[in-house]
Every structure is written in structure tokens, then in C-alpha cells.
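Under my numbering, the residues of the sequence shown are numbered 1 to 476, in order. A virtual CB, placed ideally from N, CA and C, is assigned to each residue, including glycine. Quick caveat: nothing in here was measured; it's all calculated off a predicted structure. See structure below.
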Amino acid sequence: MANTSEVPIACSNIGTGGSISCCYPSDQSSSACQSLFPAEDNVLVNGCLTGNCVNNCDPMGLYNSSVQQNGTGNGQLPILKYLACVNIPSIASYGNQSVLSSNISKSIEGFLFSNTSQERLQRVTSAVTDCISSTCRSSRNSFFCYPEYCSPVKLLRNDTSPNLDAINTCLNTLCSNNVKSLPWADADVIGIGVFASYVMQCISVVVLWFGLLGFAIHQWKRGEPERPSEPGKHYGFWIDLLLDFHKSQCFFSATLMIASLNYGIYEVDMQSSTGVTLLTVSTYALSTMVYWSLYWHFIPLGDFDAFNIYQNFRFKLSSLPVCGGYSGLSVCPNNESMNVGLFNASDISHRMQVLTPLIWTYSTLILCALLAYQLYRWRSKREINTDSSVWHWAFWLATIVFLAAIGMQLNVLWISTELHMIDPNGWTFGQIIAVTVWIPPLMDYIYCEIREILRRWQSRTTKSNAEKEIVRSSSG
């Protein structure tokens, strides 16, 4: 009977959460040993494709798979490679000591060279432990796995041998906690402040639009005067707010697009001026380049099923340099039974592929129409009649499509919350700046309104004092 206090030669079912089945030196004829080391198809066959298992257990190649590279395959290759690599240090150590039975030695012949150096075994041990330990440590709340199960001290038996029981527990803990095992998305790209800023933009644009609509309705109810009246001060302040908000959007979007390009994505009113037009067009050009670059990288996912989309999302979000730029979660033995129902992956993919081009198309049409109108105004010497029914229909059509585009934009933004990507408590300095970037235009508007109220109050006070002085003089 096997002595389970011994260091096992090899084990199966690692990461499944149940008790692992191991082959021990004291009972090399056991059913576990026969299952792990049959005459053909032993535990090393599927994991050592080149015939030299030690060379195959490099972190640059251990965790990668076609699922992570091009979205195809069933994801089994890294699982099989990991099962082979995690057992190699112990098998090689016992082989160096000439402890293995003739049947086991014959079974592994051709997969391991004799007298494997301690340095090479140490590299293999590091490859199978560092990645999953770092995956745990980088998760959104590492307390569920790191201190007790996945710290390097727990995973190592010694410098050249991993603790298979500890790896089984750590890997199962990581693999059975779907979202909890993932890190938060990069806060610079989609942090809570950036997300809130996007939502605030949408809401602010709607408020500004309805503010202008309110002024128009108020003017219409008053009836058209014989002579066009000058716009009131409140209307002027509102237009200034709209213009300043638009410029803030352009500056914000331009810096965002430049940052996006550097991030590695390839691995109209009467106050409109030429400066604002150039700023708008420049920002639009940058945004268009970034959008379509991202879109053409995303569009291949349209042919994948929900499982592969979900796996791509998990693996991309949890990829680490220590894992060769791939995800340690790729070696989870229960990947095929992962809870894809956390969100409707197919629906999210469809929304990204359909809604975002519609939003871009609407923005492009509006920009082209405004540029054409501006060009016509510059070239035409006649006054344009904006009171015709054509302009009225264009106004209401633009309003309806505008509101639909805002709704679609919010729908797309909400995907990040459905994917549980955003840390709701991640209000760092940069996230606060992303929100407060919209405050200056609003503060300037409030300042102008208060200044106008004070000016009117002072004017009424001066007038009242003058009237009192006249009355007093008349009485005297």
C-alpha cells in the first residue's frame, strides 16, 4: 500500500477540487500508477509535443492556446501541457535517483532526458507556480486565494519541486470563482471615473439640447416679432455653455484618442468659428481612426459562440507577463463548464458590432451636414431661410436620431458594467480628474448667470434710489 506521506511521483485531476489521484514510490504497481504511466498515452504524451518535456515547460509557451491567439480550438492543450509540466520535477527527480520501476521508466522514455539538472527543474517549477500565484495576486480581491492557498510559500515543496496538493487547491480556488479571479479592467481605459465621465457627457448633451429646445419653444409661444429680436442674455449664456462644453469634449476626446493610439491597439450655432470647426474635425478624424482600428480587431469575434467570446474576455483581462503574456486561467481543468451565463456574450458581441457603427454613421452624417452648411454660408451671399418646413422636418428628424444615438451610446457603455470590469470603489486621482473635467464650463455658466442677476439687482437698486431722490426733491 502506498505511503501518502511520501512525495508523489505524479498526480492526476489537479485543479478539479476533488482528491487528486497520485502514484507513490512505495507502490508503483497501483492503479493510479498504471493510469498515469501506461505503455502508451502516459501523462506526458499530450503535454510534451516536441518530445522534450523540460523544453516545453517554458512560461512563454505553457499557457498559450489557439483560444487565446485566434479564438479557435477547445482550450484543452494548455490544460494537458500544464498537467505534464507540473509533474515533471517530481518524475525527473525520482528518475535521477533511479527509484522508478522499469514499467514507469519505459513509459516516460523519450520524454525526459536522464540526469536532468536541478537548475532546469527549478525553471519548470517556477513556470508552473509563479503564473498561478501571480494570477491570484492580481485578482480584484486576492484575499480569497493568496494568503492561504496560492502564495509561493504554499505552492513550493522545495526549490525544485512544486507541492501538488497545494497547486490542486490553489488552482481549484482560482478556477471556481469566475469573476472574483479576474482583475479589474485598466482604470485608465474604463475606470469608474472614466465610465462616469462618459455617462455625464451623454446626459449633459441631452440637457443642453433640451435647453436649446426650451428657448426655441419659448420664442415660438411669444410669437414672431416684426423685427428679429436680439437673443437674450440667458440664451447667450446657454450657447456659451454649449460651446465651452463642446470644446471640453474635443480636448478630452483628442487626448483620449492619442492615448488610445499609444496604448497599442494595433497589436452648430452662430458662434461657430473656424477654430472650433478645425478642432471638431481633428478630434473626429482621430476618433474615427481609433474606432475603426478597434472595430476591425473586434469584428472576428462575430463568428464565435458565446463560450469562446467569454473565454477571450477572461483570458485577455487576466493575461500577465509572468505567464508569457497569456492567462493563467487557461489551465483551469473546468474551463468548458465555466458559467457563460454571467452575461449574454452573444448579445454583447452583437451590440458592439451593430450599435457602434450606427453611432459613428450618425455622427459622421451630422458633421458632414454641418460642414456643408458652413461652406454654403461662406460662399453664398443670400440669407438662408431657416423657417421653411424643410428645416423644421430636419430639426425633428435630427432630434429623434440624436436621442436614439444617445440611447445606443449608453447601451454600449453599460457593457462594461455587465462584464463586471469596473471597480466601483476605484476613485483614484485620475478617475476624479476624468469627472471634474466637465466642471469648468458649468462653473463659468453659473458665474455668468449670477453676475447678470447681481447686475440687474444693482440696476434696480440704483433706479429705485434715483426715484426716491426725485420724489424727495419734489417734496422739498
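Check this for me: beta carbons of residue i and residue j, under 9 angstroms apart or not?
i: ALA187; j: GLY430; result: yes
i: PRO333; j: CYS175; result: yes
i: VAL331; j: LEU164; result: no
i: ILE9; j: LEU36; result: yes
i: PRO152; j: THR173; result: no
i: SER107; j: GLY95; result: no
i: SER12; j: ALA39; result: no
i: LEU83; j: VAL43; result: yes
i: ASN103; j: CYS145; result: no
i: LEU6; j: SER29; result: Per the sequence presented here, residue 6 reads as Glu, with Leu not at that position. Not closer than 9 angstroms, so no.
i: VAL206; j: LEU403; result: yes
i: ALA185; j: MET443; result: no
i: LEU77; j: ASN52; result: no
i: THR399; j: LEU213; result: yes
Which residues in the same chain as residue i place their Cβ atom closer than 7 angstroms to its Cβ, once the five residues preceding and following it in sequence are excluded?
i: TRP414; result: none
i: PHE313; result: LEU419
i: TYR362; result: VAL401, ALA405
i: THR116; result: VAL54, ALA92, ASN96
i: ARG455; result: none
i: ILE453; result: none
i: LYS81; result: GLY47, ASN56, LEU62
Could you work out which residue in the options is closest to residue i when comparing CA atoms only?
i: SER142; options: ILE167, ASP159, PRO183; result: PRO183
i: PHE315; options: GLY426, THR135, TRP396; result: THR135
i: GLY18; options: GLN28, ALA434, ILE422, ILE167; result: ILE167
i: GLY193; options: SER126, ASP41, ASP423; result: ASP423
i: ALA394; options: MET421, LEU375, LEU365, SER380; result: LEU365
i: LEU208; options: LEU454, PRO441, GLU452, SER117; result: PRO441
i: LEU100; options: TRP360, LEU403, VAL86, CYS23; result: CYS23
i: VAL322; options: PRO89, SER138, GLN118; result: SER138
i: PHE195; options: GLN353, SER98, TYR445, GLY426; result: GLY426
If I'm right that residue i touches residue j with Cβ under 8 angstroms, what's the distance once you round it to whole angstroms?
i: PHE111; j: CYS48; result: 5 angstroms
i: LEU156; j: PRO162; result: 6 angstroms
i: VAL54; j: ARG120; result: 5 angstroms
i: SER416; j: ILE91; result: That pair is no contact at about 45 angstroms.
i: VAL412; j: LEU355; result: 5 angstroms
i: LEU410; j: VAL199; result: 7 angstroms
i: VAL435; j: SER197; result: 5 angstroms
i: VAL86; j: ILE20; result: Not confirmed; about 11 angstroms, so no contact.
Looking only at its chain, what residues have a beta carbon closer than 6 angstroms to the beta carbon of residue i, apart from the 5 residues adjacent to it on each side?
i: ASP159; result: GLN122
i: CYS150; result: SER133, CYS136, CYS170
i: ALA127; result: CYS57, PRO59, LEU62
i: THR274; result: Confidence at THR274 is low in this model, with a pLDDT of 41, below 50, so the placement of that residue should be treated as unreliable; the coordinate-derived value is given next. Around THR274: no qualifying Cβ.
i: GLY341; result: Note on GLY341: pLDDT 46, under 50, position unreliable in the model; no value is reported.
i: SER272; result: The pLDDT assigned to SER272 is 35, lower than 50, so where the model puts this residue is not dependable; a value taken from the coordinates is nonetheless given after this. Here the set comprises nothing.
Cβ-heavy atom distance between residue i and the ligand ADP below 8 angstroms?
i: PRO440; result: Among the ligands in the structure shown, none appear at all, so the ligand ADP cannot be discussed.
Identify, in the order they occur along the chain, each residue of the same chain with its Cβ nearer than 8 angstroms to the Cβ of residue i, setting aside the five sequence neighbours on each side.
i: GLY328; result: TYR63, CYS131, ILE132, SER134, THR135, LEU174, SER318, LEU320
i: TRP396; result: none
i: ILE88; result: LEU44, CYS53, VAL54, CYS57, LEU112, LEU121, VAL124
i: THR16; result: ASN168, ASN172, PRO333, ASN334
i: SER380; result: none
i: ILE433; result: GLY193
Beta strand (DSSP E) runs contained entirely in the stretch 4-92, provided each spans 3 or more residues: 10-12, 21-23
Runs of alpha helix (DSSP H) wholly within the stretch 99-168 (minimum 4 residues, chain order): 102-108, 118-137, 152-155
Residue ranges of each alpha helix (DSSP H) within the stretch 179-212, 4 or longer: 187-190
Contained alpha helix (DSSP H) runs [length at least 4] in the stretch 393-468, N- to C-terminal order: 415-418, 429-436
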